[in-house]
Ligand code: 16G
Ligand code: ZN
């Protein structure tokens with residue numbers, strides 16, 4: 042190992058004065074700083090695979106909705122989940138070693154700690170989004186993997202959720218689908234067609250997809266054009282230019298639309314009540330929207346997606362006659378009106394977790410149907426083994442059959458813009474709803490999100506799923522005093538996991554109040 046490490050590490054140097062941290066989305070920063078990090082992450086992926094008796098681990102090189110000059114890397118565990126939390130610290134330690142000797146020491150510590158048999162061959166699937174820096178970072182990652190005996194499959198350009206699917210499929214002996222892009226398309230499109238056909242749907246579907254000039258563009262086109270185009274009377278992908286890397290996430294994409302609450306660039310002649318959606322740069326987030334007769338922009342974000350899914354699944358479960366639990370998982374960013382609607386009107390249990398998909402995913406596993414979405418559009422639905430044992434494509438009950446195919450259509454490994462998109466489009470047809478009916482279930486409380494630069498964001502410590510500050514001491518009391526001055530007021534403060542800043546969220550009965558509350562809380566934080 043020492044010999045190959047010395048050889049392969051040549052050219053991969055840790056930059057000075059930077060501390061790396063494997064955070065909620067893996068490592069993410071300016072691509073120019075990432076070479077050493079991807080090299081050490083390659084090493085760790087190989088070790089993780091060996092530790093898990095050669096099961097396949099995934100490496101995704103992406104910076105999601107971040108600007109084009111950024112990049113990042115994250116690891117995917119064998120069942121398609123995020124890397125186990127206990128290993129995040131090891132990823133961080135390896136990335137921060139500043140000499141070959143220190144790196145070797147840390148590797149040996151991990152090998153000893155987990156009693157890893159280095160003779161076990163590691164297996165790793167790797168993919169990247171469309172960023173310009175991707176190919177060079179891929180090469181360095183592979184150098185890291187080659188420090189040990191590793192079987193590497195490079196899938197080239199993929200969406201993040203495609204890679205999650207492939208990793209799970211690769212570890213599931215065919216029971217999850219074929220471990221190839223074709224297998225992914227086949228699984229989704231067969232389920233889509235079946236749901237459409239067995240339910241006797243005949244109205245065709247219309248959607249315009251803004252793909253953020255990211256990798257979702259060619260992938261959604263491939264899936265729909267090659268498999269299910271006949272079910273659409275209008276299907277168009279805009280912002281689909283991945284040739285010009287500078288356009289990625291620029292004035293388009295899910296994050297732009299959610300943050301600015303307006304249409305992305307390049308929507309041709311927006312028509313009232315047409316349905317649009319936006320992916321982010323690696324297609325694991327989706328938000329929908331439309332404009333009204335008066336040309337008002339209406340956002341259907343992760344909260345609206347959750348509530349639509351919850352109301353549909355509650356109806357479907359009743360029709361199946363099965364005894365199955367449904368629950369929704371949100372974060373503190375969920376609009377208060379959505380939480381109220383879920384618990385008071387739909388009467389489903391709602392859980393709140395800290396930000397970051399791994400937290401929501403974990404809690405969603407407590408239900409037979411666990412629906413989780415962050416307000417920003419990142420989410421999916423998980424189905425329990427109990428449920429999977431009760432549904433079948435050969436059932437004589439139409440609702441049970443439909444439920445079975447939904448478990449195939451929905452990517453249960455991680456939020457998946459393409460899979461979520463097809464699911465929502467079908468559910469709208471099944472409910473015979475347009476965007477306006479969907480949006481009318483509840484009205485969002487006006488809200489404001491601010492970013493505040495502080496000296497040290499690590500001073501801000503929270504509890505109660507990030508809704509209450511425990512440090513700095515006394516600050517929460519001051520925030521509460523402000524909140525109490527506004528009808529329907531709610532506000533919380535948390536340190537960002539991806540930027541060196543603190544985020545302030547506020548909502549209240551009116552737009553002006555939400556802005557005033559956010560400003561006042563931001564003043565307290567500074
Ligand atoms: C990461 C998370 C995303 C979360 C965001 C919050 C994953 C895969 N991604 O991008 O879900 O919404 O961080 O960012 O978990 P913040 O901590 O900067 O507010
Ligand atoms: Zn993303």
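Residue numbers (this note's numbering): 42 to 567. Each residue gets a CB set at the ideal place from its N, CA and C atoms; glycine is no exception. All values reported here derive from a predicted model rather than from experimental measurement.
According to DSSP, what are the bridge partners of residue i?
i	result
residue 393	371
residue 153	Answer is none; residue 153 lacks a bridge partner.
residue 201	Bridge partners of residue 201: none, in fact.
residue 419	326
residue 70	112
residue 251	279 and 319
residue 65	67
residue 42	The partner list for residue 42 (beta bridge, DSSP) is empty, contrary to what the question assumes.
residue 89	The partner list for residue 89 (beta bridge, DSSP) is empty, contrary to what the question assumes.
residue 191	163
residue 123	117
residue 246	273
Along the alpha helix (DSSP H) that carries residue i, what are the first and last residues, could you check?
i	result
residue 430	426 to 431
residue 177	175 to 186
residue 517	516 to 524
residue 347	343 to 361
residue 15	Nothing about residue 15 can be read from this structure; the chain reaches only from 42 to 567.
residue 566	552 to 566
residue 238	222 to 239
residue 377	377 to 381
residue 131	126 to 136
residue 443	439 to 450
Here's a check: name, in chain order, each residue in its chain whose Cβ is nearer than 6 angstroms to the Cβ of residue i, leaving out the five neighbours to either side.
i	result
residue 194	166
residue 105	321, 322 and 323
residue 202	325, 452, 455 and 457
residue 415	343 and 372
residue 432	441, 444 and 445
residue 369	347, 351, 383, 389, 391 and 412
residue 55	77 and 139
residue 199	168
residue 549	527, 529, 530, 555 and 558
residue 231	none
residue 436	442
residue 501	536 and 543
residue 524	530 and 532
Terminal residues of the continuous beta strand (DSSP E) containing residue i?
i	result
residue 163	163 to 169
residue 532	531 to 536
residue 546	543 to 548
residue 96	Element bounds for residue 96: n/a, residue is neither H nor E.
residue 111	111 to 117
residue 399	Where residue 399 is concerned, there is no enclosing beta strand (DSSP E), although the alpha helix (DSSP H) it sits in stretches over 398 to 405.
Hey, residue i and residue j are a contact pair by Cβ (cut 8 angstroms); roughly how many whole angstroms apart?
i	j	result
residue 261	residue 459	5 angstroms
residue 93	residue 109	With 8 angstroms as the limit, residue 93 and residue 109 do not qualify as a contact, their Cβ atoms being about 34 angstroms apart.
residue 254	residue 289	5 angstroms
residue 493	residue 566	5 angstroms
residue 102	residue 179	6 angstroms
residue 507	residue 395	5 angstroms
residue 16	residue 373	Residue 16 is absent from the model: the chain starts at 42 and stops at 567.
residue 124	residue 135	Not confirmed; about 13 angstroms, so no contact.
residue 121	residue 59	At roughly 31 angstroms, the Cβ-Cβ gap does not stay under 8 angstroms, so residue 121 and residue 59 are not in contact.
residue 151	residue 131	6 angstroms
residue 417	residue 296	7 angstroms
residue 145	residue 46	6 angstroms
residue 162	residue 192	6 angstroms
residue 186	residue 87	5 angstroms
residue 61	residue 133	6 angstroms
Spatial neighbours of residue i within its chain, please: CB distance less than 8 angstroms, with the 5 preceding and 5 following residues excluded, ordered by chain position.
i	result
residue 226	263, 264, 267 and 268
residue 355	367, 387 and 389
residue 272	233, 234, 237, 245 and 246
Looking only at its chain, what residues have a beta carbon closer than 7 angstroms to the beta carbon of residue i, apart from the 5 residues adjacent to it on each side?
i	result
residue 443	236, 239, 240 and 357
residue 316	247, 248, 329, 331 and 476
residue 463	229, 233 and 450
residue 472	353
residue 252	258, 261, 278, 280, 281 and 320
residue 276	248, 265 and 270
Closer than 7 angstroms to a non-hydrogen atom of the ligand MN - does that hold for the CB of residue i?
i	result
residue 405	This structure lacks the ligand MN; the ligands present are the ligand 16G and the ligand ZN.
- beta strand (DSSP E) runs contained entirely in the segment 259 to 340, provided each spans 3 or more residues: You should have 273 to 279, 317 to 320 and 327 to 332.
- What are the start and end residues of each continuous alpha helix (DSSP H) run of 4 or more residues lying completely inside the segment 457 to 523, in chain order? 458 to 471 and 476 to 480
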